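> The structure that follows is given in the form of structure tokens.
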């Protein structure tokens, strides 16, 4: 049977075997935890605690009342040690709340299961989801409560649960599905109460046959009627929002549109799991599963950690480095961010810590474009990266826009394929940022 | 330890296939035709190949040294150009002419336009075209087994269909012609290698050869379509020259248009042109249309309806 998929894309080595069989282990951090105030797309939080305050698990550390925002909660109980600038994943210094862990792991009293959650007004869910600090845990970290509140004129026909995990190396979603299938299905049922007309689809790439089988079984056992498990062809970037919608519903939409405009809402499996946890178990979304992997790590693992844990501690837990890493990434190798230090905290969007040696990063000199067209066949958005990159280089941003450069989803497929090792994705990212900056400047005038 | 970390923008992994490997595979795919050339035309064919490859690499190296550019001869593209040029020459060509042809191909056609990826026509074919205009007699003297004679295409042009060599000789390459063009069998092995290693897609060679065969038959040239396609440089041109990345369109749609154009021009030249063979000029002419084809066949951007005009 031909599995649904999208146009373009690439087949990088999966490299998932390093951690696919590793059950999730829980880790209790030592000492201080660091909570950056900007962990999601949208308005960053402002600290609402001061030095010396006692905080519990689920206590709000930062908040912003803007619509597109989510609070930052403490993942441990302890004392606020400082509110200061600390180094974060992107390599910048951000306002962070530093909490000294007292090791008691006391839950804040306001965190209780939602009473009569099965019959409660679904609007209650949205409030709970926001309070629990739930964002898109797939990596984009868009506040989930906002995503679940589409304008009333948008009819939602598909609720897509994204368990594709197309990034090489990562296994955090796969392991979550294998170990918590029931909660994922129950979470999906809860979200579907918000969209009674929608059809639920749990989408999983076909390289996770165990997860597909288990979820199929769990769905049929739960008796949930309107939910199906859909295996998808193995191809990167199958898990990207637009590609997923194209594969599942056959619909395309322009870059400025949102999934809700074509009747879709996409939630990561981890996000649904946290929704269940927040509503039924009354727990805030303060932990995160991180795949620590790469050929430089001694013992790669999938670890459940409280947010705010220092990445260095996770590397130590995995036995440190067995080889000299050349790049250390937060996230996967295709879209992850390379870091300059291990002394940064795990945040909501940290799906993996990937430590690559010189051999696997393959740093090679940039050569001249051959015009071979591999980038064009790879681009899932139908762009011509080899035309876009020189335009950015020449600062011809107007032509960059005309050639559709703003459509780039920065999936990295073109750069991966380029035999001349040209920084095509990087060029488009640069171009998009420059155009966005110019637009902001023009709007400010 | 982290002091040595590389910080860069994603993606962080790359496909192992790089320029040098691609060119290496092209050379490997060209090898069967070269061996066939040496087998049928003798050691002199090997000497011509050596002269062309060495001259091309040397001229590229010297040019890049003299103009203080990064020397890129290790990407093997100059070696590919040299070998392709040699395949397009008769085995009896004087070595100095082969060397001047290489100079023209590398310096004038490739480097003056900006080097690899920037040339507007195929360097090897342009080198051959220059040589054909400059030294028409040495460039069209064909000998096979020590006897000089007309090529199959010249025979077809003269209407002497009955004098054509046997099918097997035409297929395996035991006929008069340039060093690398006569053995359709060896070139097909090369095509299989290129397809298997994903160096090229099938569209350009297949469309080009099919259009040429169909049109030659339609124009009533007398020879059977298979005789038309085994004769001359069509297989060499369609598999190795028209598929040159730099001088062919970037999208599959564009490549089909390009290949069809090559086929039409080849058939027209073979039927009505002044030369018996039209492959090299058709490809050179179509090379010049590539920027236009690329503009006209841009892929459709995801989610956008096709704009008019």
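Protein chains in written order, with our numbering: chain W, 4 to 448; chain G, 20 to 328. Glycine included, C-beta positions come from ideal geometry on N, C-alpha and C. Quick caveat, the model's predicted, so the values are computed rather than measured.
#1: Residue 419 of chain W touches chain G at which residues, Cβ-Cβ below 7 Å?
#2: For residue 325 of chain W, collect the residues of the same chain with a Cβ closer than 6 Å to its Cβ; drop the 5 residues on either side in sequence, then sort them by chain order.
#3: Please confirm whether residue 319 of chain G has its beta-carbon closer than 7 Å to some beta-carbon of chain W.
#4: Using a 10 Å radius around the Cβ and a threshold of 16 neighbouring Cβ atoms, would you call residue 96 of chain W buried or exposed?
#5: Would DSSP call residue 31 of chain W helix, strand or coil?
#6: According to DSSP, which residues form a beta bridge with residue 304 of chain W?
#7: Return the chain-ordered list of same chain residues with a C-beta closer than 7 Å to the C-beta of residue 417 of chain W, the five sequence neighbours on each side being excluded.
#8: What does the Cβ neighbour count give for residue 255 of chain G, buried or exposed, with the cut at 16 atoms within 10 Å?
#9: Using a Cβ cut-off of 7 Å, pull out every chain W residue sitting near residue 94 of chain G, in sequence order please.
#10: For residue 262 of chain G, go through chain W and note every residue whose CB falls closer than 7 Å to its CB, in chain order.
#11: Going straight from the alpha carbon of residue 228 of chain G to that of residue 259 of chain G, what length do you get?
#12: In chain order, what residues of the stretch 118 to 148 of chain G put their CB closer than 9 Å to some CB of chain W?
#13: Tell me the start and end of each unbroken alpha helix (DSSP H) in the stretch 381 to 408 of chain W that is at least 4 residues and wholly inside, in chain order.
#14: For residue 384 of chain W, return the contacting residues in chain G, with the cut-off set at a CB-CB distance below 7 Å.
#15: Pick from W:336, W:349, W:353 and W:342: whose alpha carbon is nearest that of residue 364 of chain W?
#16: Quick check: what's the CA-CA separation for residue 327 of chain G versus residue 320 of chain G?
#17: On the premise that residue 354 of chain W lies in contact with residue 173 of chain W, defined as a C-beta separation below 8 Å, what is that separation, rounded to the nearest angstrom?
#18: Please list the segments of the beta strand (DSSP E) lying wholly inside the stretch 26 to 99 of chain W, counting only runs of 3 or more residues, in order along the chain.
#19: Give the secondary structure of residue 252 of chain W by DSSP, where H, G and I count as helix, E and B as strand, and everything else as coil.
#20: From the DSSP output, read off the bridge partner residues of residue 274 of chain G.
#21: For chain W, check one thing: does any of its Cβ atoms lie closer than 7 Å to the Cβ of residue 27 of chain G?
#22: Residues of chain W with CB closer than 7 Å to the CB of residue 270 of chain G, please, in chain order.
#23: State the DSSP-derived secondary structure class of residue 354 of chain W, mapped to helix, strand or coil.
#24: Under 7 Å between beta-carbons, which chain G residues line up against residue 429 of chain W? List them in chain order, please.
#25: Leaving out the 5 sequence neighbours to the left and right, which residues in its chain are closer than 7 Å to residue 150 of chain G when beta-carbon positions are compared?
#26: If we ignore side chains and look at the alpha-carbon of each, how far apart do residue 278 of chain G and residue 43 of chain G end up?
#27: Measure the alpha-carbon distance for residue 446 of chain W versus residue 437 of chain W and round it to whole angstroms.
#28: Please report the residue range of the alpha helix (DSSP H) in which residue 205 of chain W lies.
#29: Can you tell which of W:166, W:264, W:38 and W:228 has its C-alpha closest to the C-alpha of residue 78 of chain W?
#30: Looking only at its own chain, which residues have a Cβ that is under 6 Å from the Cβ of residue 347 of chain W, when we skip the five neighbours before and after it?
#31: Rounded to a whole number of angstroms, what is the C-alpha to C-alpha distance between residue 137 of chain G and residue 407 of chain W?
#32: Select from the stretch 257 to 278 of chain W all residues with a C-beta closer than 8 Å to any C-beta belonging to chain G, and list them in chain order.
#33: Under 7 Å, Cβ to Cβ, is there at least one residue of chain G near residue 410 of chain W?
#34: Alpha helix (DSSP H) containing residue 298 of chain G: first to last residue?
#35: Please look up how many angstroms separate the CB atoms of residue 137 of chain W and residue 361 of chain W, rounded, as I've assumed it's under 8 Å.
#36: Does residue 373 of chain W have its Cβ less than 7 Å from a Cβ in chain G?
In short:
#1: One-based indexing of the first chain puts residue 419 of chain W at position 416. 30, 32, 33 and 34, listed in chain order.
#2: The sequence position of residue 325 of chain W within the first chain is 322, counting from 1. Apart from sequence neighbours up to five positions away, the residues of its chain that approach residue 325 of chain W with a beta-carbon distance below 6 Å are 301, ordered along the chain.
#3: One-based indexing of the second chain puts residue 319 of chain G at position 300. Against chain W, the CB of residue 319 of chain G has a partner CB under 7 Å away; the residue lies at that interface.
#4: What you label residue 96 of chain W is simply residue 93 of the first chain in a count that begins at 1. Per the 10 Å Cβ criterion, exposed.
#5: By 1-based counting over the first chain, the position of residue 31 of chain W is 28. Residue 31 of chain W: coil per DSSP, three-state reduction.
#6: The residue labelled residue 304 of chain W in the question sits at position 301 within the first chain. Answer by DSSP bridge pairing, in chain order: W:295.
#7: If you number the first chain from 1, residue 417 of chain W lands on position 414. So the qualifying residues of the chain are 378, 381, 382, 388, 427 and 428.
#8: On the second chain, residue 255 of chain G is found 236 positions in, with the first residue counted as 1. When all chains shown are included, residue 255 of chain G counts as buried.
#9: Translated into the one-based positions of the second chain, residue 94 of chain G becomes position 75. One finds 370 in chain W with Cβ atoms closer than 7 Å to the Cβ of residue 94 of chain G, taken in chain order.
#10: For this step, residue 262 of chain G is matched to residue 243 along the second chain. Ordered by position in chain W, no residue passes the 7 Å Cβ test against residue 262 of chain G, which lies about 10 Å from the chain.
#11: Position 209 of the second chain, counting from 1, holds the residue named residue 228 of chain G. Position 240 of the second chain, counting from 1, holds the residue named residue 259 of chain G. When the Cα atoms are used, residue 228 of chain G and residue 259 of chain G turn out to be separated by approximately 13 Å.
#12: Cβ contacts with chain W come from 133, 134, 135, 136 and 137.
#13: You should have 388 to 396 and 400 to 405.
#14: In the first chain, the residue the question calls residue 384 of chain W occupies position 381. By Cβ distance, chain G contributes 320 and 321.
#15: Along the first chain, one-based indexing puts residue 364 of chain W at 361. Comparing Cα-Cα distances from residue 364 of chain W to each of W:336, W:349, W:353 and W:342, the minimum goes to W:336.
#16: Taking the first residue of the second chain as 1, we reach residue 327 of chain G at position 308. Taking the first residue of the second chain as 1, we reach residue 320 of chain G at position 301. Here residue 327 of chain G scores only 40 on pLDDT, less than 50, and its place in the model is too uncertain to base an answer on.
#17: For the purposes of this step, residue 173 of chain W is identified with residue 170 of the first chain, where counting begins at 1. For the purposes of this step, residue 354 of chain W is identified with residue 351 of the first chain, where counting begins at 1. With 8 Å as the limit, residue 173 of chain W and residue 354 of chain W qualify as a contact, their Cβ atoms being about 6 Å apart.
#18: Correct list: 27 to 29, 35 to 39, 63 to 66 and 81 to 90.
#19: Along the first chain, one-based indexing puts residue 252 of chain W at 249. The DSSP-derived three-state label of residue 252 of chain W is helix.
#20: By 1-based counting over the second chain, the position of residue 274 of chain G is 255. Partner(s): none; residue 274 of chain G has no beta bridge.
#21: For the purposes of this step, residue 27 of chain G is identified with residue 8 of the second chain, where counting begins at 1. For residue 27 of chain G, the answer is yes, since a Cβ of chain W falls inside 7 Å of its Cβ.
#22: Residue mapping note: residue 270 of chain G aligns to position 251 of the second chain, counting from 1. In chain order: 376 and 379.
#23: For the purposes of this step, residue 354 of chain W is identified with residue 351 of the first chain, where counting begins at 1. Here DSSP, grouped into helix, strand and coil, assigns residue 354 of chain W to coil.
#24: Numbered from its first residue, the first chain carries residue 429 of chain W at position 426. Simply 28.
#25: Within the second chain, numbered from 1, the residue matching residue 150 of chain G stands at position 131. So the qualifying residues of the chain are 116, 120 and 158.
#26: Indexing the second chain from 1 puts residue 278 of chain G at position 259. Indexing the second chain from 1 puts residue 43 of chain G at position 24. C-alpha separation (whole angstroms): 24 Å.
#27: Numbered from 1 along the first chain, position 443 holds the residue referred to as residue 446 of chain W. Numbered from 1 along the first chain, position 434 holds the residue referred to as residue 437 of chain W. In this model, residue 446 of chain W and residue 437 of chain W are separated by some 14 Å (Cα to Cα).
#28: Walking along the first chain from the start, residue 205 of chain W turns up at place 202. According to the DSSP assignment, residue 205 of chain W belongs to no alpha helix (DSSP H) but to the beta strand (DSSP E) extending over 202 to 208.
#29: Sequence index remark: in the first chain, residue 78 of chain W carries index 75 (1-based). Ranking W:166, W:264, W:38 and W:228 by Cα distance to residue 78 of chain W puts W:38 first.
#30: Counting from one through the first chain, the residue named residue 347 of chain W turns up at place 344. Excluding positions up to five away in sequence, the list reads 90, 91, 92 and 314.
#31: The residue you call residue 137 of chain G lines up with position 118 of the second chain. The residue you call residue 407 of chain W lines up with position 404 of the first chain. Residue 137 of chain G and residue 407 of chain W: Cα-Cα distance of roughly 23 Å.
#32: Answer set for the stretch 257 to 278 of chain W: 257, 258 and 260.
#33: Translated into positions along the first chain, residue 410 of chain W becomes position 407. At a cut-off of 7 Å between C-beta atoms, residue 410 of chain W counts as an interface residue with respect to chain G.
#34: Mapped onto the second chain, residue 298 of chain G falls at position 279. Unbroken alpha helix (DSSP H) run through residue 298 of chain G: 298 to 315.
#35: Stepping through the first chain from its first residue, residue 137 of chain W is reached at position 134. Stepping through the first chain from its first residue, residue 361 of chain W is reached at position 358. With 8 Å as the limit, residue 137 of chain W and residue 361 of chain W do not qualify as a contact, their Cβ atoms being about 38 Å apart.
#36: Along the first chain, read from residue 1 onward, the residue named residue 373 of chain W stands at position 370. True, the Cβ-Cβ gap to chain G drops below 7 Å.
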